[in-house]
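To start, the structure under review is shown below, and the notes come after it.
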Amino acid sequence: MSVDPRRGLRAVVGGLCLLLALLSSGARAQVASSGYLPLSDGTQLRYSLYLPAGEGPFPVTLVYSGYNAGNNPYDISFGGIGPMLLERGIAVIGVSLRGTGCSEGVWVPFELRWGPDGAEVVDWIARQAWSDGNVAMAGVSFPAILSLVTAVQRPPALRAILPMVPLGELYRDVAYPGGLFNLTFAGAWTLMQNVGTPFSLFETLQGDTHCGTAILGQNDPRHVTVVEAASIPYTDSDERYEKFLSPALFERIDVPVLGQVGWQDEQLGSRAWHAFERLDPARTWMLGTNGAHGTIVNSARFRDLAADFLEHFLRGGRPQDFEAPRLQIWKGFSTDFEPATIETYDRWPLQPETLTLHAQADGSLRPERPDAEATFGYLYPLPAPSTLTAVLVPNPTQLTYLLPVIPGGSVALTTPVLVDELRVYGPASADLWISAPALDVDVQVTLVEVRPDGREMFVQRGWLRASHRALDVERSTPRLPLHTHREADLQPLEPGEITPLRVELMPVAHSFRAGSALRLYIEAPLGFSGFRQLALNPLPTAVSVHVGPQTPTRLVFGRAPAPESVPLSAGAAPACGTTDTAARSADASTGAAAALITSGERPRRVVAVVSRGGRPDLAQPALERVRAPTLLIVGGDDREVLALNRQALAALGAHGALHIVPGATHLFEEPGALEQVARLAGDWFLRHM
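Start counting the sequence shown at 6; every next residue gets the next number (my numbering).
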């Protein structure tokens with residue numbers, strides 16, 4: 006994904022995975038039953054059950070969610086995986102969380118009983134006549150979170166979980182990133198709080214009077230999400246911040262886990278990666294990718310992996326027999342929902358090498374320590390470029406990058422041009438030395454790749470309220486600064502005094518290509534980062550960033566080892582200046598055959614081909630697989646090559662076209678011939694790109 010030089014909004018693509026969608030299923034299944042299951046405190050939870058064809062009992066996959074799974078387990082939180090499971094003889098059941106959909110109970114955000122409730126649901130499923138006693142859990146976002154809090158309870162019938170883009174801990178991931186209230190997300194969740202109500206009203210109209218009664222009791226004015234979240238601004242303000250879900254609680258999970266995280270996830274972020282690292286490595290498989298929140302379920306490759314995982318463990322398979330890489334990193338995940346490259350490792354967690362880039366007096370970032378002092382300043386709080394949704398490319402919202410921002414609102418530190426590819430992996434720490442004539446400021450750091458043409462690619466962000474800079478020393482590492490965010494640890498700035506602070510950048514995996522540069526911006530968090538418009542300190546001031554031997558401003562990050570396999574890549578990442586997701590190819594002579602072979606092997610990645618005096622016949626048998634519009638340009642006097650191109654045209658069928666340049670020979674050396682070729686190629690690409 007590329008943008009114009011910095012002075013524009015950096016947008017990313019995605020969508021609200023909080024919206025529900027009724028998805029049609031081609032699987033041979035029926036709604037066997039719908040109704041209410043009882044919890045031990047008497048609360049009734051709504052469920053709907055799909056059974057596969059054939060005689061039971063069956064293994065069961067549970068979608069336990071606050072987005073109305075009890076009325077429709079095929080909502081967008083499960084995508085097309087459910088129908089695949091039914092075809093494999095696995096039942097699917099959706100259960101609505103207490104206080105949501107048609108379920109009884111009062112909505113309390115991130116209530117500690119959600120996990121114990123989930124364990125009771127798993128046990129209830131295991132006892133039913135249609136169940137063989139083996140239960141797995143799966144889902145995106147909300148149901149992913151609920152699968153984790155349920156697995157922490159260790160219900161005996163639970164065999165595996167498939168959590169896609171969850172959070173790992175409530176405070177740092179979503180409620181208060183860096184200590185700043187996530188106002189827009191809390192507001193959105195308040196609106197989504199009763200997302201199941203329209204479905205529930207439909208159920209009432211169909212005669213389910215129990216549903217209407219449940220809805221009337223769900224809302225308590227004391228538990229409006231945005232109001233409640235705003236009232237508990239520190240980790241010691243409410244026990245839910247530590248007890249609902251945390252990296253330490255992940256250690257209690259004792260079933261196989263296939264986890265997935267989106268690096269630039271516009272809703273929950275990527276910090277769950279830290280928590281997944283606390284799982285038992287022998288029972289963990291992980292996948293990290295760019296892309297919008299929840300879009301992974303649109304990938305046929307991922308759906309196959311997910312269905313294989315669930316079936317393997319629901320049918321008694323052992324971890325050592327599940328054949329998949331322990332870690333997959335998808336790069337170039339795009340609007341065709343498939344990656345350009347998959348890097349794999351047979352170990353988890355991955356231990357990267359720690360690298361440090363020091364800020365220099367000339368504004369550069371280099372491995373060597375600085376030998377001179379300098380001060381750079383920016384005005385606070387001027388807007389920073391926004392990333393509207395998550396990174397999917399190509400993407401119509403890239404046009405928002407062109408919107409200008411007021412200059413003077415950031416400090417930029419940039420490496421020299423990279424000679425070799427740099428694989429950045431995991432979290433990073435921006436260790437800053439700042440001063441301001443203020444008691445507090447909010448700091449945003451943005452990591453981008455600068456291409457040779459000066460355009461930028463958004464990579465990752467992080468935030469910190471300066472008064473929250475106190476570290477949890479026992480848990481922090483050089484690459485991961487973890488702040489306590491306790492009220493007792495608040496430290497206002499001394500106006501004008503130089504103060505060190507460490508800003509956490511969320512985990513990411515990104516290859517900075519040779520010929521590009523790495524750039525770190527230090528700025529105010531005014532502007533959207535996905536769903537996040539953080540409630541920043543609005544008081545204007547001027548912030549100074551200090552570099553030098555005594556004030557070592559620096560970026561500390563991880564460099565991933567070379568992957569053990571790259572099954573979708575023909576080599577390194579595409580060269581800077583090429584598109585990230587779709588290629589157009591113009592080649593001559595034997596190069597045309599190479600372009601067509603690439604098009605045949607990766608039809609979703611190549612959108613148009615032009616061959617000038619080429620030998621497309623050498624691409625057989627790949628020609629029959631080419632789906633990109635292909636223009637063959639041949640000189641009228643290049644008779645032998647013209648005959649070969651006519652043969653290739655027949656193999657291309659409807660995807661091919663032939664244009665003959667009268668009087669031209671093989672190299673198009675005749676006056677005006679090359680100009681005609683250039684015009685034809687340009688028109689072809691404009692028509693098909």
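The C-beta atom is built at its ideal place from N, Cα and C for all residues, glycine as well.
Q: Might you give, ordered along the chain, the residues of its own chain that have their beta carbon closer than 6 Å to the beta carbon of V266, omitting 5 neighbours on each side?
A: S275, A277, W278 and G293
Q: Within the stretch 451-518, note down every full beta strand (DSSP E) run reaching 3 residues or more, in order along the chain.
A: 461-470 and 504-517
Q: Per DSSP, which residues does S242 bridge with? Please list them.
A: Per DSSP, none; premise fails for S242.
(Q) Tell me the residue span of the alpha helix (DSSP H) that contains I150. (A) F147 to V157
Q | Distance, Q333 Cα to G183 Cα | A | 28 Å
Q) Taking the DSSP output, what are the residues bridged to Q169? A) The sequence shown places Met at residue 169, not Gln. Answer by DSSP bridge pairing, in chain order: V145 and Q265.
Q | Three-way DSSP call (helix, strand, coil) for D309 in this model | A | helix
Q: For the alpha helix (DSSP H) holding F381, just list the boundary residues, first then last.
A: Per DSSP, F381 belongs to no alpha helix (DSSP H); it is in the beta strand (DSSP E), A379 to Y385.
**Q.** Inter-residue Cα distance where the pair is R589 and V614
**A.** Reliability fails at R589, whose pLDDT of 44 lies under 50, so the model's placement of it is uncertain and the value that follows must be treated cautiously. The alpha-carbon atoms of R589 and V614 are separated by roughly 6 Å.
(Q) Please report the distance separating the alpha-carbon of C216 from that of D46. (A) 18 Å
Q.
Output needed for M89: all residues of its chain with C-beta closer than 7 Å, excluding positions within five of it in sequence on either side, in chain order.
A. R308 and A312
Q: Indicate whether P261 and A165 have their beta-carbon atoms separated by less than 8 Å.
A: yes
Q) Can you give the beta carbon distance from P442 to G520, rounded, assuming they're within the 8 Å contact cut? A) At roughly 41 Å, the Cβ-Cβ gap does not stay under 8 Å, so P442 and G520 are not in contact.
Q | Burial state of T230, where buried means 16 or more other Cβ atoms lie within 10 Å | A | buried
(Q) Using only the alpha-carbon positions, how far apart do A708 and A627 sit? (A) Residue coverage of the chain in this structure runs from 6 to 694, which leaves residue 708 outside it and unanswerable.
Q) Under three-state DSSP, which class holds R288? A) helix
Q: Assign D425 to buried or exposed, taking buried as 16 or more other Cβ atoms, counted over all protein chains shown, within 10 Å of its Cβ.
A: exposed
Q) Do L623 and H664 come within 8 Å of each other at the CB atom, strictly closer than that value? A) no
(Q) Going by beta-carbon coordinates alone, are V446 and N295 separated by less than 8 Å? (A) no
(Q) For a cutoff of 8 Å on Cβ pairs, would you count V548 as touching chain E? (A) Going by chain labels, chain E is absent from the structure shown, which holds only one protein chain.
Q) Is it true that the stretch 476-490 meets the stretch 315-334, where meeting means three or more beta-carbon pairs spaced less than 8 Å apart? A) no
Q: Within 10 angstroms of the Cβ of D122, are there 16 or more other Cβ atoms? Answer buried if so, exposed if not.
A: buried
Q. In whole angstroms, what separates the C-alpha of A678 from that of H660?
A. 25 Å
Q.
Just verifying my parser: in three-state terms, what is the DSSP assignment at V68?
A. strand
Q) Roughly how many angstroms separate the alpha carbons of A131 and P226, rounded to a whole number? A) 36 Å
Q: Please report the Cβ distance between I86 and V302, rounded to the nearest whole angstrom; I am assuming they are in contact, meaning their Cβ atoms lie under 8 Å.
A: 6 Å
Q. Along the chain, which unbroken stretches of the alpha helix (DSSP H) at least 4 residues long are found entirely within the stretch 293-344?
A. 305-319
Q) In terms of residues, what are the limits of the beta strand (DSSP E) holding V126? A) First-last for V126: W119 to R132, but that is the alpha helix (DSSP H), not the beta strand (DSSP E).
Q) Three-state secondary structure (DSSP) at R428? A) strand
Q) For the beta strand (DSSP E) that contains F562, what are its first and last residues? A) R559 to R564
Q. Using DSSP with H/G/I as helix, E/B as strand and the rest coil, what is I411?
A. coil
(Q) Taking 8 Å as the cut-off, does the stretch 373-387 touch the stretch 544-564 (at least 3 CB pairs, one atom from each stretch)? (A) yes
Q. What are the partner residues of S391, as DSSP defines its beta bridges?
A. Paired residue(s): none; S391 is not in a bridge.
Q | Alpha carbon of V666 to alpha carbon of R620, nearest angstrom | A | 16 Å
Q: Answer yes or no: do R630 and G658 have a C-beta to C-beta separation smaller than 8 Å?
A: no
Q: Report, in whole angstroms, the separation of the C-beta atoms of T420 and A522, which I expect to be a contact under 8 Å.
A: 5 Å
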